[in-house]
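Quick notes on the structure that follows.
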Amino acid sequence: MKYVLERLFDEVEALAAKEFGDAHPEIRRPPKESQAIYAIPCFRHAKTGGASPVKLAEELAAHWNAELATDSILERFQAERGYVNVFAKTSFLLEEVIGDLNRSGANYGRHPDKHKKVVVDYCSPNIAKPLTVGHLRSTIIGQSLINILRASGFETIGINFLSDWGTQFGKLLYAFSQWGDEESFIKEPVRHLVDLYVRFHKETESNPALEDEARASFMRLENGESAERELWKRFREASLKDFEGTVARLGVHFDNNWFESEFEAKAHDLIDSLLREGIAERSEGAVIVRTGEDDSVPPLVARKSDGTTLYASRDLASALVRIERWKPAKLLYVVATEQNLHFSNLAKVLSTMGYPDCLEHIRFGMVSLPSGKMSTREGRVVYLDELLDEAERRAEEIIKEKNPEMTEGDRKEVARKVGIGAVVYADLSQDRIKDIVFDWQKMLSFEGNSAPYLQYAAVRCKKIMQKAEPVEREPLKNLNRGDIAHLVNGLMDEESKELLLHLGRFPHAITEAAERYSPHVLAGYLYDLATSFSRFYTNLQVLKSDTETRKARLLLVKATGDILEQGLKLLGIETPDEM
Ligand code: ARG
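Under numbering that gives the first Met the number 0, the residue at position 70 of the sequence shown is numbered 69, and the numbers go up by one with no gaps.
Here it is as C-alpha cells:
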C-alpha cells in the first residue's frame, strides 16, 4: 500500500504523462510558501509543440479542472507562469497522512520489498595504514545508503573491500624485520605499522638500497614463502580488528570483509578469458582493455609486463564475483572522486561484458581538517579514533554547561551520541560531491543545521510526551475514520497543517534519497521538519490547550519525535533521551 503523497504523486504524474507522452514527466515541489502540493512544468513540452508554456499551462489547468472527479484527492489546478500548480483537498489529505501514520506505526516511511539487491562497497581501507578521514566519509555515506536503501525496499549486501596487496607490503615486511617491536604491535598494531612505514621512508632517503630489500620481500610474499606469508597475515588480521573497533563507534558493522589479494587467481582467469574473447589485447608485454574510441582515454591495464595483476583487474574480478553471487540490480562503490577513472574504466569493461548500467561510483569530495592535508608517508596522520574522541570531549563540555545537573555517567553517554552524531551529520548534511571542511563550532552547534539541533528537537518531543497523561502517550494507535476526521479539525491552523503535511513527506524523502544515492536529501528533510516543529511549538500551546486540541497537537508532537529519531537512525545517528 502506498503512502498518500505517493498516491498523489502517481496521480499527478499520470495526468502529465498522458498529456506529454512521456512516461516520467518532471514533477516539482513548489516553493515552501506555496500552498500547492506539486507543480508541473510545461516548458519542455511547449517547446517541442512550438507553443507558449504560459498558454499551455493555462489550457492544461482548465482542461484538468473540468475533468476532475469529485471524489479525487486533488482539489484544483492553477496555471502560473508556465507551471500548473496542483492543489489537494487539505483536510482529506491530512486525514490520509494520519491514516498512514496510524496504519504503519513504527514502520512509517518504510516501503515494501522490491525484491532487488544492491551491493554496497564502502569503507574499504588499506591494510597497515590508518583509516583516513576519506575512509570515514566512505563509511558514513555507505552505511547511511545501506540504511536508506533498506528502508526504501531493497535488500542490501555490504562489503568492506580491504586492500592487502601491493609493493608497500614488501616495505612493511622488511621494516618489521629490522625495527619491529612485538609488544607495540600487539598493543596498537596499526599505529606501529604506520610508524614502521614512516621510518622506512625516512631511512631510504639516506639508504636507497632499502627499496631493493623491500622489493625482494614482496617477491617472497608473492612466491608464497611461509615466513612472509605468516607475518603478512598477522598484519591483516590485526589491522582488520583495529578497523572494526573504530567503525563500531559509528554503529557500523560489515556484512562481508573481503581481501583484495584473494582475487589474484580469479583476475588471471578473467584476463585470459578477456583475451580469448578479444575484449583485452596485448600491448608492450602488458595486457590492456581499451575503454575509449581512441588513445586519448587511458586503457585499463589488466596485467603488467612482469605478469602480475593490478588493483583494476583484481577489482574487476571481484565485481564479477559479486554479480554472479547475488545478481544485484546495482553494484555501488562509495569511494572518493579521485578514483573516477578507475571506476569509469571498470564500468565500461563490465558493460562490454554484458553488464551495462550495473556499476555505480558513489563518489564524494575531500575532507580538509584544520591541520591540512594528510600524508601517511610523512607521518602526518589523523587517526579516526582521535577525531571521534575529540568530538565526544567537545560535546561533553557543551553538555556540562547546558545541563550541569546530569550525572557523569549519563553525560558521557549523551556526549557520545551527540559528538559522534555531529561528525556524521556534518558529513551527510552536505551534497556528497562537495569537499567538506571540518568546523567544530558549526558541527556542535545547538542551532542551525547540525546533529545537536535535530537531536534536541527530538528530545523535546519526548519530554513533552512524558508530561502528557499516560493514556495520551500513544495518540496514534487504533484510530478509526471518525477519530481521524475529528483530530484533523483540531489541526487547521497554519503551523499544524504545515507540520502534518511535512510528516506526510517522510516516505518520499526516503525514496528520493535512495534514488539519488544522496543521504543529504533525507538530512535536509529532517532539518526542515525540525524547523517546522519549532515554529509550531513556539507559536502554539500543546499541553495547555483545551482537551480536543491538546489531543490533536500531541499527535503531531509524538509523530515528529518518532520521525526525527527514525530519520536520524537512517543516517546512522542515535538520539539521546535527554540533553
Ligand atoms: N582501498 C582503496 C583506497 O583506500 C579503496 C577501495 C575501494 N573499493 C574497491 N572495491 N575498489 O583507496
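C-beta atoms are modelled at their ideal positions from N, C-alpha and C, and glycine is treated no differently.
By the Cβ-count criterion, GLY284 is exposed, with fewer than 16 other Cβ atoms from all chains shown falling within 10 Å of its own Cβ.
If you draw a straight line from the Cα of GLU259 to the Cα of SER162, it is about 5 Å long. Separation of ALA213 and SER282 (C-alpha to C-alpha, rounded to the nearest whole angstrom) is 28 Å. In the three-state reduction of the DSSP assignment, ILE126 falls in the coil class, being assigned neither a helical nor a strand state. With 6 Å as the limit, the residues whose C-beta approaches a heavy atom of the ligand ARG more closely than that are ASP120, SER123, PRO124, ASN125, PHE160, SER162, ASP314, TYR332 and VAL334, in chain order. Counting only unbroken stretches of 3 or more residues, the beta strand (DSSP E) elements lying wholly within the stretch 62-119 are 73-79 and 82-87, in sequence order. Short of 7 Å from the beta carbon of THR548, and not among the five residues preceding or following it, lie these beta carbons of its own chain, in chain order: GLY489.
Straight across, the Cα-Cα distance linking ALA87 with LYS46 is about 28 Å. Taking the C-beta atoms as reference points, LEU249 is found nearer than 8 Å to THR138.
Counting along the chain, no beta strand (DSSP E) covers ARG431, and no H or E run does either. The DSSP-derived three-state label of SER162 is strand. In the DSSP assignment, ARG302 falls within the beta strand (DSSP E) that extends over 299-302.
In this structure, LYS113 lies near GLY152, with their beta-carbon atoms less than 8 Å apart. Burial state of LYS557 is buried, judged by a 10 Å Cβ sphere holding 16 or more other Cβ atoms.
Following the DSSP letters along the chain, one finds TYR536 in no beta strand (DSSP E) but inside the alpha helix (DSSP H) bounded by residues 518-538. Taking all protein chains in view, the Cβ of PRO24 is crowded by 16 or more other Cβ atoms within 10 Å, so the residue is classified as buried. Remark: C-beta atoms of CYS41 and TYR107 do not approach each other more closely than 8 Å. Burial check for ALA264: the Cβ neighbour count within 10 Å stays below 16, so the residue is exposed. Per DSSP, reduced to three states, the secondary structure at GLU221 is helical. Under the three-pair Cβ rule at 8 Å, the stretch 536-545 does not count as touching the stretch 428-439. Using a C-beta cut-off of 8 Å, the stretch 353-372 makes contact with the stretch 321-332, since at least three inter-stretch Cβ pairs fall below that distance. Within its own chain, the residues whose Cβ lies closer than 8 Å to the Cβ of GLY447, once the five positions on either side in sequence are excluded, are LYS441, listed in chain order. For the stretch 267-308, the full-length beta strand (DSSP E) segments reaching 3 residues or more read 280-282, 285-288 and 299-302 along the chain. In the DSSP assignment, TYR173 falls outside any beta strand (DSSP E) and within the unbroken alpha helix (DSSP H) covering 167-178. A distance of 8 Å or more separates the beta carbons of GLU276 and ILE287. Contact check between the stretch 400-418 and the stretch 335-345: fewer than three CB pairs, one atom from each, fall below 8 Å, which does not count as touching.
For ARG472, the secondary structure class from DSSP, reduced to helix, strand or coil, is coil. A direct Cα-to-Cα measurement between PRO52 and ARG80 gives close to 8 Å.
Ranked by Cα distance from ALA56, the options LEU67, HIS44 and GLU66 are led by HIS44. Per DSSP, the continuous alpha helix (DSSP H) segment holding HIS200 begins and ends at 188-205. In the three-state reduction of the DSSP assignment, GLY244 falls in the helix class, which pools H, G and I.
If you ignore the 5 residues before and after LEU100, its C-beta comes within less than 6 Å of the C-beta of TYR107, LEU475 and ALA558, all in its own chain and listed in chain order. Secondary structure of PRO451 (DSSP, three-state): helix. A distance below 8 Å separates the beta carbons of ARG136 and ASP426.
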